[in-house]
Every structure is written in structure tokens, then in C-alpha cells.
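Novice: Before I ask anything, here is the structure I am working with.
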Amino acid sequence: MFNFARPTAFLLLGCVAVSNAFANQSGSLTPRVEALENLKISGSFRLNYSVKDFDDGQKERGGDATFNMMTLGVDTQAQGIKFSAQYRWYGFVDTVHHMYVERDLDNNSSIQAGLIKVPFGILPYESNNFWFGIPYYLGFNDDYDMGLSYSHSSDKWDIQVAYFFSSEYSAGNHKRYSFDVVNASNSKNEESNQLNIRSVYKFANSEFGFSGQFGQLYNADTEKNGDQWAVAIHHKANFGRFNTQFEAISYEFNPENPAGTSDDSIFVGAFADAYQIASKGNIYVFNVSYDVPINSEIVNSLKIYNDYSMLEKDGSGFNDSVLNTLGAGISIGSIWINMDFFMAKNVLYIGGGRDGFAEGQSSNEWNTFFNINAGYYF
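Last residue of the sequence shown: 388 in my numbering, with the numbers rising by one and none dropped.
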């Protein structure tokens, strides 16, 4: 049974706190009234159906239809200060997605503070499908951490600089939306003091971008700081109804582990789970999609796509991970449906075993599953 009271109060109190801050500063109720007048509530409800070739029981049942997720979001503004937050309920965990305040400095620049999106690589997502690609599960896409950011956008350039104190929760708490380095088993590392820089040049119907990420890894056992870094280049383009995404990421985690603990892999976690990934590697992404012309009173849009991502691991004896997704996205009013067919090798949750993103399986076999995710958005 879902606990709606705590997160709902959490979101609404955030709105009240913003309006109260300005009401107390000005001695007037006007900012509070303004915040309530500008209040926008959003949300979604999603269901899922899947058939996995690596789950014999599920195949015998003809697949599983399950509840996937419910979200509730609030957005408002008062006296130039914007507030945005979202909370999510999954079938096995509930967690905050984002929560921040924002102020525009001018028509092209703004600052954010709170639980904000990490500016790295392709934004907002490096995929078209429901399940995302390999970068997300290693913490390099749609990641949210606690920090500050500055953004500037012009006709030719998008520039973002951000500093993050830590991830959204303590390293021992795996109940989170985005993947971060966490404490698990005999690994006691956590992220801290991370700097991100992202620069994008826009031309014609394309963009070319560079991203850099540099931060510390504190180890609770040795009480020493290691380091972690990642760099990425990406390109996005629109060619009529065709859209392409390309990204190459190189990353490295260098923890100060105690003697006897391997440095070849490190634990990351989210959704009440934790698993090991290769401490050093390269990730490649290539996605292509096509917007199908639609003339229908029922279907608003139809997109077909193929998303490909690969993790090339540096560890000795580690087997690389590959994920390919062929799918379609359909919009029917407020309903969005993803139908995806996944083929994967050494990918966690797709038959790749618990160490799919680390050592991988010696068999190096391919696994498949078919998934339909349908959501109503308001």
C-alpha cells in the first residue's frame, strides 16, 4: 500500500516554504498568493507488460502485466523565484525525483539550487525507449544530485556549470531514482565535491557537445578520498523526420579501498538495489528515430526507433555489455505508449546476471525481452 501523505506533504511544503520566504521578507501576503495562483500540478500513472526469454516461469504464464509507476509534481513561482519538485511511487520503492529553486538572471541565464539534474552528455535523455540505455544504469544520464548550477543559452551556445556536494541521499540509502556510487557489501565509497561542465554548439539542425565531470570518492573504511572523472562528446541532429543521437563517454572511478578490496569494480545503486560496474571503461551510444506521418483523429504521433549502447570495459577478463532496442512510441491524447524489443548481452536486469556491468557472464550469451509500457499524463 502506498504512503501518499508524507511525499504529498513534502511537495506542498516546498511550495509553501518558497512563498513564506518572500512573504516574511516583504511583510506581505502577495508573494504567497502569487505562488498559489501560479501553482501547477502534474502527474502520471503507468502500467507495464513484459515477456522475457530468460524467465521460464514468466514465459509459461504468457508474460506479466504489472503496475509500473505513479508520479506527482508541483511547479510554481513568486517574485521571480521558481520552484519545481516531483515524487515517484514504484511498485517496490518510492522516492523524490527532483526538487529545486531557480531564478532567471536575464533572458538567457539562470541558476538552480537543490536536487537538480547533472549536466552531462545528451540532454534530456540519451534514448528514445522506455528503459533507457546503458549510460543511465552507470549514472551518466538523467542523474540528479544535491548542488548548484548556472546555465546560459544563446542562439549558438548552451553552457552549464554545476557543483554537487553529494548525491540525493546518504550512500547507504539505495532507495533513489538515479544511479550513484553507494555503500554495499565490502565497498564503502560515496560521491562528493563533484564539478560538471557542459558546452554545446548549435548549428543548422544539429548540436555538438562536450561534457566533463570531476569529483571525489570518499571511502568510509580508509577515511581517504579517491577520485572519479568522466568526459563525453555527443552529437544530435534532425534530418527532416529522422533524428540521430551519438555519444562517446570515457570514465574512471579510482577509490581508496582498503587492502583486499578490488579496485576493478565499484558499487552503484538506485531503486532499492545495488550492483557492481566496471571501474573503468568507455560507453558508446548511437540512436536513430523516425517520426511517421500520421493522419488520424485518434493517434497524435508515432515514432519508430532503434537505440544502441555498448559498455567497453577495461577490467582484465571482463566481458563487454551491449544493449539494442527496437521500438515504437505512440501518442494518443494524454496517453503515451512505448513498445520495445530488447536484445542484450551482459546487461543487468536483462538476463545478464548481477555482475552484468562488471565482469559479465563467461557464456557471453544474448537475451531478449518484449515490453509494453503505457502511461497517462496530466
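All residues carry an ideal CB built from backbone N, CA and C; glycine is no exception.
Which residue or residues does DSSP assign as beta-bridge partners of Q255?
Specialist: Beta-bridge pairing links Q255 to K246, N297.
Novice: Taking only runs of the alpha helix (DSSP H) that begin and end inside the region 71-156, which ones reach a length of at least 4 residues, in chain order?
Specialist: Runs of the alpha helix (DSSP H) inside the region 71-156: 144-147.
Novice: Report the residue from N329, G279, F224 whose alpha carbon sits nearest the alpha carbon of F263.
Specialist: Residue F224 is the option with its Cα nearest to F263.
Novice: In chain order, which beta strand (DSSP E) runs of at least 3 residues are fully inside the region 208-249?
Specialist: Here the runs fully enclosed are 216-229, 234-249.
Novice: Any contact between the region 147-163 and the region 72-84? By contact I mean 3 or more CB pairs, one from each, below 8 Å.
Specialist: Result no; under three Cβ-Cβ pairs closer than 8 Å.
Novice: Is it right to say V43 is buried, meaning 16 or more other beta carbons lie within 10 angstroms of its own, or is it exposed?
Specialist: Exposed.
Novice: Please list, in chain order, all residues of the same chain as Q87 whose beta carbon is under 6 Å from its beta carbon, the five residues on each side excluded.
Specialist: So the qualifying residues of the chain are N48.
Novice: Have a look at S326 and S272 and give me their C-alpha separation to the nearest angstrom.
Specialist: Approximately 12 Å between the Cα atoms of the pair.
Novice: Rounded to whole angstroms, what is the Cα-Cα separation between I360 and A354?
Specialist: So the two alpha carbons sit approximately 6 Å from each other.
Novice: Just checking my contact of A280 with S188 at CB under 8 Å: how many whole Å lie between their CB atoms?
Specialist: Yes, A280 and S188 are in contact; Cβ-Cβ is about 6 Å, under 8 Å.
Novice: Could you tell me which residues DSSP pairs with R56 in its beta bridges?
Specialist: Its beta-bridge partners are M79, G385.
Novice: Below 8 Å between beta carbons: does that hold for V357 and F277?
Specialist: Not a contact, by the Cβ cut-off of 8 Å.
Novice: On the three-pair Cβ rule with 8 Å, is the region 203-216 touching the region 153-170?
Specialist: Yes: the two stretches touch, three or more of their Cβ pairs being nearer than 8 Å.
Novice: So is D50 buried or exposed if we call it buried at 16+ other beta carbons inside 10 Å?
Specialist: Going by the sequence as given, residue 50 is Lys instead of Asp. Exposed is the call here.
Novice: Out of N118, A230, Y318, G53, state which residue places its alpha-carbon closest to the alpha-carbon of H107.
Specialist: Minimum Cα distance to H107 is reached at G53.
Novice: Kindly indicate which residue of P265, G363, I345 has the alpha-carbon position closest to the one of Y387.
Specialist: Looking at the Cα atoms, I345 is the closest of the given residues.
Novice: Can you tell me where the beta strand (DSSP E) holding Y8 begins and where it ends?
Specialist: With the chain represented from 11 up to 388, any question about residue 8 goes unanswered, as that position is not in the structure.
Novice: Going straight from the alpha carbon of G250 to that of R186, what length do you get?
Specialist: The straight-line gap from Cα to Cα measures roughly 38 Å.
Novice: Going by CA-CA distance only, name the one from D63, D85, L57, K62 that's closest to L46.
Specialist: Closest by alpha carbon: D85.
Novice: I need the boundaries of the beta strand (DSSP E) containing A354, first residue and last residue.
Specialist: Where A354 is concerned, the enclosing beta strand (DSSP E) stretches over 345-355.
Novice: Quick check on this structure: which residue in K290, N348, T378 has the alpha carbon closest to the alpha carbon of A368?
Specialist: Comparing Cα positions, the closest option is K290.
Novice: Mind checking K69: buried by the 16 CB within 10 Å criterion, or exposed?
Specialist: By the neighbour-count rule (16 or more Cβ atoms within 10 Å), K69 is not buried but exposed.
Novice: Locate the beta strand (DSSP E) running through V192, then write down its first and last residues.
Specialist: V192 -> no beta strand (DSSP E), and no H or E assigned at all.
Novice: How about A284 and K323: do their beta carbons lie closer than 8 Å?
Specialist: Their beta carbons are not under 8 Å apart, which means A284 does not touch K323 by this criterion.
Novice: Should N215 be labelled buried (16 or more other beta-carbon atoms within 10 Å of its own) or exposed?
Specialist: N215 comes out exposed.
Novice: Are there 16 or more other CB atoms within 10 angstroms of the CB of P265, so buried, or fewer, so exposed?
Specialist: Label assigned to P265: buried.
Novice: Across which residues does DSSP place F174 in a beta bridge pair?
Specialist: DSSP output for F174 lists G157, Q204 as bridge partner(s).
Novice: Using 8 Å as the threshold, is the C-beta distance between Y318 and F352 below it?
Specialist: In this structure, F352 does not lie closer than 8 Å to Y318 by Cβ.
Novice: Can N138 and Y315 be called in contact, C-beta distance under 8 Å?
Specialist: Contact flag set, yes.
Novice: Might you give, ordered along the chain, the residues of its own chain that have their beta carbon closer than 6 Å to the beta carbon of I207, omitting 5 neighbours on each side?
Specialist: Excluding positions up to five away in sequence, the list reads V171, G222.
Novice: Using the three-state DSSP reduction, which class does T40 fall into: helix, strand or coil?
Specialist: Helix.
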